[in-house]
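Everything below concerns the one structure shown next.
Protein chains: 6
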Amino acid sequence: MANLVNYEEASKEVRTVYDDIKHTRGVPDVNNFWKALAVHPPTLKRTWESLKEVMGPGTLDPLTKEMLYLAVSVTNGCGYCIASHGAAARKAGMTQEMWGEVLAIIGMANETNKLAFALQVPIDPMFQGP
Amino acid sequence: MANLVNYEEASKEVRTVYDDIKHTRGVPDVNNFWKALAVHPPTLKRTWESLKEVMGPGTLDPLTKEMLYLAVSVTNGCGYCIASHGAAARKAGMTQEMWGEVLAIIGMANETNKLAFALQVPIDPMFQGP
Amino acid sequence: MANLVNYEEASKEVRTVYDDIKHTRGVPDVNNFWKALAVHPPTLKRTWESLKEVMGPGTLDPLTKEMLYLAVSVTNGCGYCIASHGAAARKAGMTQEMWGEVLAIIGMANETNKLAFALQVPIDPMFQGP
Amino acid sequence: MANLVNYEEASKEVRTVYDDIKHTRGVPDVNNFWKALAVHPPTLKRTWESLKEVMGPGTLDPLTKEMLYLAVSVTNGCGYCIASHGAAARKAGMTQEMWGEVLAIIGMANETNKLAFALQVPIDPMFQGP
Amino acid sequence: MANLVNYEEASKEVRTVYDDIKHTRGVPDVNNFWKALAVHPPTLKRTWESLKEVMGPGTLDPLTKEMLYLAVSVTNGCGYCIASHGAAARKAGMTQEMWGEVLAIIGMANETNKLAFALQVPIDPMFQGP
Amino acid sequence: MANLVNYEEASKEVRTVYDDIKHTRGVPDVNNFWKALAVHPPTLKRTWESLKEVMGPGTLDPLTKEMLYLAVSVTNGCGYCIASHGAAARKAGMTQEMWGEVLAIIGMANETNKLAFALQVPIDPMFQGP
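Protein chains in written order, with the working numbering: chain A, 1 to 130; chain B, 131 to 260; chain C, 261 to 390; chain D, 391 to 520; chain E, 521 to 650; chain F, 651 to 780.
Below is the structure:
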């Protein structure tokens, strides 16, 4: 089980990251992922700054971004990530119906990905190139 | 390398599926995935009907669906699927900028999924339950 | 690309393994997997001896064993392994119809595995225990 | 944790699927996988119908089918699926000895799949073609 | 949940392996992995002998070997393996700081592996060949 | 196939990253991974800066770092990454003998990871906790 570094026992370096997470997300405390990652402050800092950039405002809306994150997390079978990004997706507006469709797509994609492996399908010329 | 069943040599059962794919998608020929899957007509038929249902009209728009499909395919490393669903996503409106963001999310999700495994992070109570 | 060690240039240690593979399988030459693995003779020897034991006579018949090997190889997306164990399965009696069913099962299992991850389904009491 | 939809609270659409599962398998209740999948009735229905077709009578016997399902589930690390399909395989006749051989094959295949990746082994001409 | 075969109830064949593990590692009892694997004595014996050879004295030092084992285990998301090889790595000298760096590398490698898949990057000529 | 952005056609933003890669590594040109990633300049910049930090001077020596990177890349089956980090590892001092041992560990770890999944081995108390 992970060692979780709580705010009170955290170094100044770690607290600065925690503060930025709390401020950016408007939450009273950081979730366990960050408390576990604090075992290595440079990785905590880099991961948070990368995530903030990647999940921040852009061309794709926040809901689409969270659903993409969820699709990867399910494919990798990461229970923690499914729980945390599932919650984030629901918070960003994912309805039960949308979740059902995301679920269906994840299932089908994993099925057809493996069928394409099995058959070693050659790529059609029209799918190649820029 | 896969055996590809072309329309001319296909059985009536296979042709019926090919016809439905061509009609549904408005394409002159089916792509290699289906020609390879025709090695087992019941799997061809079932996979196509499932895919048609899953990727058909619903709550999520076609572009979001294709990007989700792409995110799974990249995570699984399926070259054929990346090529075909990448083309489908671009056709559905995925711009270069959107693709860049999808790319960034896939990368980050794969990174944090493995960090969460490494640290065996316990799920926060707020992420559990319905 | 792998360095392939051919019989002529192989050390005595490597030749002994090659000879056993050729004798056990009744083939005139070993396939590329072994020629590539010869980069590290102890791994070549151990892998061959393990494989010979695992795939040798037992409770399961050779065809079932090869189909199981194929199902894992497809799930991992190993092109070389799909090609070599696909050939071995066909040689052991896998018909086109059987291959179609193996294909369908691999597809469905990969789909439902990911659905079970997505939903974080709790294990039913009846499935637990010895 | 998944929301599980019990029969009493299920919609008519969901009950119809549950009834078919119970009837087809001769069980008094459906297992948790289906109760969790009921979150999205179209996916529940499609997944069950596909599974019924794929795992139903065919060229391969039920035991072989379940062992193949198990091999994929282990490779993907799906705990729920290992528990449920392990139980199904034992019910279909998988002895302790057979399970030991399945185990050994899964282990070896995962090992050699990764060795083949590591060495990027080129496919032998004899393994290619139809 | 696995059936665990304790020393007292183990067959002579299994005890011989257990004794060798205890002797080689200088531990009073074998860990659960071996007790679970004893379900199939030939796989227990072969796996132990292979592991003993692979993790035994060689060109790489024991710490490096354990960190490599850990990197694979995290990538595969094997909770048991992360726990046992994490403990072994710490015993072999992995400090908190080293673990932080291993963590960071595993994260980055998983990210860039998937980015390379996404972009289907062609291999540079300088990276090919012997 | 990836679009590769060469230096001549690159934007100023991309050139700045390319220049830093070339300078840091002492190479005349960047490899294809970066040229493909330039499709999305913010991801190019962030990925390079992260990689530079993670693979830069630290507690672990460069060779160990590259072997860890390689172990993850092989497990994920990323051909490009195996080629590029294999070259980097050899440049950092990985001998043929070391590579053989890395290979053997990757193989064994992938095998035992899946055996631990198959048996759903409970974690020993001594492996838990801080």
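Positions of the beta carbon are idealized from the N, C-alpha and C atoms, including for glycine.
Treat the numbers as computed from the prediction; the structure is a model and nothing was measured.
Short Cβ contact (9 angstroms threshold) for residue i with residue j
i, j, result
"F637 (chain E)", "G207 (chain B)", "yes"
"V287 (chain C)", "V265 (chain C)", "no"
"L167 (chain B)", "T154 (chain B)", "no"
"I365 (chain C)", "A331 (chain C)", "yes"
"V362 (chain C)", "L450 (chain D)", "yes"
"D254 (chain B)", "N3 (chain A)", "no"
"Y470 (chain D)", "V381 (chain C)", "yes"
"E588 (chain E)", "L718 (chain F)", "The question names Glu, but residue 588 (chain E) is Leu in the sequence shown. Contact: yes."
"K504 (chain D)", "T725 (chain F)", "yes"
"E443 (chain D)", "P171 (chain B)", "no"
Nearest candidate by alpha-carbon position, reference residue i, set the options
i, options, result
"W489 (chain D)", "C:Y267, C:I281, C:K272, C:K325", "C:K325"
"P352 (chain C)", "C:T372, C:P322, C:V332", "For the record, residue 352 (chain C) in the displayed sequence is Ala; it is not Pro. Of C:T372, C:P322, C:V332, the residue nearest in Cα terms is C:P322."
"L174 (chain B)", "C:M368, C:N373, C:T372", "C:M368"
"E617 (chain E)", "F:S661, F:K702, F:P707, F:W684", "F:P707"
"E439 (chain D)", "D:K425, D:T465, D:K402, D:D410", "D:D410"
"M55 (chain A)", "A:P41, A:K35, A:R15, A:A88", "A:A88"
Residue i, buried or exposed, once every other Cβ within 10 Å from all chains shown has been counted against 16
i, result
"S593 (chain E)", "buried"
"T355 (chain C)", "exposed"
"E241 (chain B)", "buried"
"K532 (chain E)", "exposed"
"V550 (chain E)", "buried"
"E399 (chain D)", "exposed"
"V534 (chain E)", "buried"
Inset, instruction - Identify every run of the alpha helix (DSSP H) within the region 285-373 of chain C, keeping only runs that are complete inside it and at least 4 residues long; order them along the chain. - result: With a minimum length of 4 residues, the continuous alpha helix (DSSP H) runs that stay inside the region 285-373 of chain C are 292-297, 301-315, 322-336, 339-351.
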